Each structure stands twice: as C-alpha cells, then as structure tokens.
Amino acid sequence: MKKTQTLIHLLKFSFFILITSFSLNAQRTAPNQEPSRANILRGEYGRYRANNDLLYYHLDVRVDPDKKFLKGTTTARIRMLKEDSRIQLDLHEALKVDGVFYDEWEPKPRAGGTSRLREELKFTREAGALFVDFPQPLIAGHIYEVAVNYSGNPLEQGRFGGIAFKRDPAGRPWINTACEGEGASVWWPNKDQWRDEVESMKISVSVPNDLVDVSNGKFLGKTDLGDGYTRWDWLVQYPINNYNVSLNIGHYEHWSDRLGDVPMDFYALPEDLEKAKKQFAQAKGMMEAFQHYFGEYPFKKDGYKLIQAPYSGMEHQSAVTYGNHFANGYLERDWTGVGISPRFDFIIIHESGHEWFGNAVSAADPSDMWIHEGWTTYLECLYVEYMFGKADGLKYTNGYKSKVRNQRPIVPARGINAEPPQDMYFKGALFLNTLRSVVNDDKKWFALIREFYQQFKYKNIMTEDVEEFFSRRMEKNLTPVFEQYLRHTALPVLELKFTDGSVQYRWKVDEKNFVMPVKVGAKTNLQIVTPTTEWQTMKTSVNKDNFEVATDLYFVEVSKS
Ligand SMILES: [Zn+2]
C-alpha cells in the first residue's frame, strides 16, 4: 500500500521534474534567489564530498555522432579522508547510470590489474547528484577506486551547449564540450565541484575512424578498435578542473610547433587551415608575454594546444578552443572600444591567459571566479603592455570602464553554485590596475604578482587567500580595499570640498576602515595623498575645476563641491 502511494507520488513528481528540472538544473543560483535543492547539491562542499580527496580519473567514453549517444565509464581513484560509507558524485539526470563498482587500490591493490572492479554498489540519485553507498565504511587514509558506467543522450544546454553535437560547414560531425557553467556532469560522471581537483587523468575517447579527438594533456596514441571506431588516449599530468576536461571531435588537420621546450599543437578544419596557420601564430607572442610576467607555461609536460571550435572559445586546460573567426578583436569587434583590441586576437590571448589564472591558479568555489576572470582580463592588459607599451596597456585597461555595471558585488555567496556578475571580468581587472597604483612601484608590483602566481599555482584558493597574500607582502591591511571592490556594489568615491587655498578630502565607501592612497592635484604635478573615511585637509593652489584625480590609475569616482 505504502509502496503504491509512493509510486503515484513519484510519478506525479517525476512529471513535474520532467517539465521543470532541466531548466532549473541548467541555471546557477541567481542574485537574491534562494538556492534550489539542485544548486545546493551542486554547490555545497558537503560531508560526502569532503570525506574524500580525488587522486585520479580515467574517463573512457565512446561517442556516436549520429545517435548523439555516449557510453562510457569514469573510474575515480579517491583517498578517504574520513571513515564513511557514502560519497557524492554527480551526473546529469538525462544520463543513465548502468552500474557502479568499487575496489580497494591501496594498501590492497586489485590482483592482476583487472579492469572490472570487484563489487557492485548501491546508489541513489537526486537531481544531478549520484550518492554511492558502500557495504561497509571505507577506511580513512586508504585509497579506493569507484567506477561508474553510464550511457545516454546528453542534454545540450547553456551558453555553449555543455556538449554539442554539431556539423562543420562541410557537413561532417563536429562535437565539442564547454560546460563551465553547467558542470562537467552534463556529459560524464565526476565529483562535480571546484574545491577538489583531480591530480592527474587519462581521457580515452572512441570515435568513428574518420574523425579525430583532441582532449586535454599529452597525446598517448590511437588504437583502431576494429569495429569502425578508433580510441584516442590522452594523459593529463597536472591537477585539472572538471569543466576543463574536454573532447573536440572533428575532421581536424594538425600541425606542430614549439617555443623553447613547450610543445605547441594546433588543430583546424581543412578548409580553414591557411587562415588558422596565420592567426594561430599569435599563440607564441602570448606565450612569451605571460611567461615574462609569471614564469614558465604551467602545463609543459602536457603541451599547449589551440583547437578550432564552433563557439567563440574556452580555456580548456592545455587544449584551448578557438572560434573567433580568424580575425583580431573579439568576434570582429573592437572589444574595449579604444582602438587597441583590433591589434590582436582576443580569444587567443584571453583564453590562453587562463592557463595561468583559472587553470594553474584556480578558485575553490564559483563565487571566487574573479580569480579566473578578473585576473585573466588583467593579463590581457599586461599582454598589451608587453607588446605595445605601458601607455597602450593603460588605455586598453581603461577601455573596460564602459562595460562595468556596478549593480551587485563581484563575489556572491559561497557554496550555492551562484553565478558572479560580468563585473568580475572588467571591474576585476580595473581593481588589479588600481592595486598596482597603490603599490606605485612597477618593479615591486611585477615581483608581487609573479610571486602570487608562483605561490598558488596548482592550488584552489578563495578571495581571502588573495587578500591575505597582498596584505602580508605589502605590510598593510588591504582587506577593506579588497572588500570594497569585491563584496560591495559601489566604487569608492573620493569626496573633495574646496575652500580658498585648500581642499578637504575623504573616501565615501561602505568599508569603515577603508584607506587607499590616490594621486591628485595639478595635472603636471600629481601628488599622493592617503584619504581615509575621515575628512583631512591639504593646501592647494589648484582650483576646483583644474584639480585632477588620476582616475586612469585608480578605479574610483570623484565628487567635487
Ligand atoms: Zn575568461
């Protein structure tokens, strides 16, 4: 009796889920919105995620382009951090779980390296979460392997489709993944969160013989499976975010180059080969610029790849995708509107910049994503400075002001799969330019950002780590400055009150302890003052109309009276 009622309830409920859940799951938590259960399951680093540490994945997937069908296995090697009998993995509801198996890996490795794990496990699914239950508690410190067999037609969703089964202009299959917002679990089973990156990974993708798969990492080789399919094997030898794990299946042509000891590999459709060879040459200048500021390319053993894709582009680790029309600017526009963007290919520079910030230095939660986007936008500015000089770098940076909205803070709530606003890019970069002006010593600034990168590469960090680093190294409490720019909506306003021969000044901000120097005065003779939230007075011979504030160096507003 109870069973039937439950069944009817489930049927009603699943009808409701069918019509609503895909759109719910596809969406991250919006501002001022209570997080949905699906977003809590996706966003929270709860007990069944925190009880283990990811060591290694092997994703082995077969892709049928005609049926838009996936069939494969993720084998996850985990170290238990706490004794527990359940872990959380994730897989989108559109995909079926065909079975979950496990075995101990250490200290008791499976005999003979059999591919089939010993014991089948029970599992339950809730929204995109896949809870796996073990027959007895796993032991803290021991290493286990859990294999999830899955299959189905993934649901295309989000900005770039998550996984999109397209055709190239000549009508051949062209299948690519880009799932940062939706989560990698839209196409393969994994522990789909940002805090815990797997340390290394093998990616095996089987595709019809006439197609190529380009994934992340080092190419190991291809194997003809004898049934019309070929398996392409790739090895990622560094920590990687789930959403960076990618496949690019197409009728690709390939050519190679290198810069010093960094292998560079390029992939484009045959019809676009000449254009691509010309445009992709910019990758070398990008590599030189970012190695100059931050140190060597972080994924040297895996190499750098640039791969043509049907969408604008994505920073997939060591396998950056490109769809910027083989033209400078961004989708053939002058991106910051000041005449500098047409000198370089925005997608090659921006998406590859993420190799340093986003892929090497990674945020531990989507709320802290400005660490990816604000920093990488700032890297564009550094690229311009490296290529065309400091004045153009500054001009390009200030071009971003027109894109800043100041409608809500850059850093939203943590742990609820919240989507930060676009200001994380533009205001983020302008904030870093402001911080450079606070340091007011380029040599020191470049040493600082290099040290920051070197300290946190291959780590997952939060905004607090960035604040703490700069405060400690600059020996002043910069937390109120970071908080004002990142966790409040309004820009700092420099209030100026003029009287005969002097000016009063203070910051109008939300942060009570906000102290930040700024350059002010006569245009040809700016001087540094350090306003607080209290009024101070300085003598000046410059009148109200001619009194300048260096708003190109500091992203602030000015109010004169
Ligand atoms: Zn980006």
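Quick note on this note's numbering: the sequence shown kicks off at 63 and runs consecutively.
Glycine included, each C-beta is placed from N, C-alpha and C at the ideal position.
The structure presented is a predicted model; accordingly, all values stated were derived computationally and were not measured.
{"Query": "Would you check if the segment 418-426 and the segment 389-405 touch, i.e. whether three or more CB-CB distances between them fall below 8 Å?", "Result": "no"}
{"Query": "Cβ-heavy atom distance between Thr438 and ligand 1 below 8 Å?", "Result": "yes"}
{"Query": "Less than 8 Å separating the Cβ of His416 from some heavy atom of ligand 1?", "Result": "yes"}
{"Query": "Anyone know if the C-beta pair for Gly243 and Arg90 falls short of 9 Å?", "Result": "yes"}
{"Query": "Could you give the residue range of the alpha helix (DSSP H) that holds Leu192?", "Result": "No alpha helix (DSSP H) contains Leu192, which is instead part of the beta strand (DSSP E) from Ala191 to Leu200."}
{"Query": "Should His434 be counted as a contact of ligand 1 given a C-beta to heavy atom distance under 8 Å?", "Result": "yes"}
{"Query": "Taking contact to mean 3 or more Cβ pairs, one atom from each stretch, closer than 8 Å, check whether the segment 111-128 and the segment 476-493 are in contact.", "Result": "no"}
{"Query": "Can you tell me whether DSSP reads Arg90 as helix, strand or coil?", "Result": "coil"}
{"Query": "Helix or strand or just coil, what does DSSP make of Phe544?", "Result": "helix"}
{"Query": "With Val528 as the anchor, note down where its alpha helix (DSSP H) starts and where it stops.", "Result": "Thr525 to Met536"}
{"Query": "Could you tell me the alpha carbon to alpha carbon distance between Ser83 and His154, rounded to whole angstroms?", "Result": "With a pLDDT of only 34 at Ser83, under the threshold of 50, the placement of this residue in the model should not be trusted; the figure read from the coordinates follows. Cα-Cα distance, rounded: 11 Å."}
{"Query": "Specify whether the segment 282-289 and the segment 244-261 touch according to this definition: at least 3 beta carbon pairs, one from each stretch, less than 8 Å apart.", "Result": "no"}
{"Query": "Relative to the C-alpha of Val591, which candidate in Lys606, Lys574 and Glu610 has its C-alpha closest?", "Result": "Glu610"}
{"Query": "With a threshold of 8 Å (Cβ to nearest heavy atom), would Glu377 be considered close to ligand 1?", "Result": "yes"}
{"Query": "Between which two residues does the beta strand (DSSP E) harbouring Gln370 extend?", "Result": "Tyr366 to Gln370"}
{"Query": "Could you work out which residue in His416, His316 and Thr438 is closest to Val624 when comparing CA atoms only?", "Result": "No answer is possible for residue 624: the residues shown for the chain start at 63 and end at 623."}
{"Query": "Taking the beta strand (DSSP E) that Ala209 belongs to, which residues open and close that run?", "Result": "Ile205 to Gly214"}
{"Query": "What are the boundary residues of the alpha helix (DSSP H) that includes Trp507?", "Result": "Asp504 to Phe518"}
{"Query": "Between Tyr462 and ligand 1, is there a pair consisting of the residue's CB and a ligand heavy atom that are separated by less than 8 Å?", "Result": "no"}
{"Query": "With a threshold of 6 Å on Cβ separation, who are the neighbours of Pro251 within its own chain once the five nearest residues in sequence on each side are excluded?", "Result": "Thr136, Leu151, Leu153, Val210 and Tyr212"}
{"Query": "If I measure Cβ to Cβ from Phe196 and keep anything under 6 Å in the same chain, skipping five residues before and after, which residues do I get?", "Result": "Ser147"}
{"Query": "Identify which residue in Ser621, Val618, Val446 and Lys585 has its Cα closest to the Cα of Val604.", "Result": "Lys585"}
{"Query": "Out of Gly347, His434 and Val267, state which residue places its alpha-carbon closest to the alpha-carbon of Arg405.", "Result": "Gly347"}
{"Query": "Spell out the partners DSSP gives Tyr164 in its beta bridges.", "Result": "Glu181 and Val208"}
{"Query": "Going by alpha carbons, who is nearest to Phe514 out of Trp397, Ser499 and Arg535?", "Result": "Arg535"}
{"Query": "Under 7 Å Cβ to Cβ from Trp397, same chain only, skipping five residues before and after it: list those, please.", "Result": "Gly391, Ser403 and Phe408"}
{"Query": "Is His412 near ligand 1, judged by its Cβ being under 8 Å from some heavy atom?", "Result": "yes"}
{"Query": "Assign Thr459 to one of three DSSP states: helix, strand, or coil.", "Result": "helix"}
{"Query": "Roughly how many angstroms separate the alpha carbons of Lys337 and His550, rounded to a whole number?", "Result": "45 Å"}
{"Query": "Sorted by chain position, which residues of the same chain lie with C-beta nearer than 8 Å to Gly563's C-beta, five sequence neighbours on each side aside?", "Result": "Lys601, Thr602 and Ser603"}
{"Query": "What is the rounded straight-line gap between the Cα of Thr561 and the Cα of Gly583?", "Result": "14 Å"}
{"Query": "Less than 8 Å separating the Cβ of Tyr487 from some heavy atom of ligand 1?", "Result": "yes"}
{"Query": "Do Gly391 and ligand 2 come close, with the Cβ less than 8 Å from some heavy atom?", "Result": "Looking at this structure, you won't find ligand 2 anywhere; what it does contain is ligand 1."}
{"Query": "For Leu368 and Arg104, I'd like the C-alpha separation in whole angstroms.", "Result": "30 Å"}
{"Query": "Can we say the segment 538-547 touches the segment 314-333, given the rule of at least three CB pairs closer than 8 Å?", "Result": "no"}
{"Query": "Between the Cα of Phe488 and the Cα atoms of Cys443, Asp527, Ile478 and Ala475, which residue gives the shortest distance?", "Result": "Cys443"}
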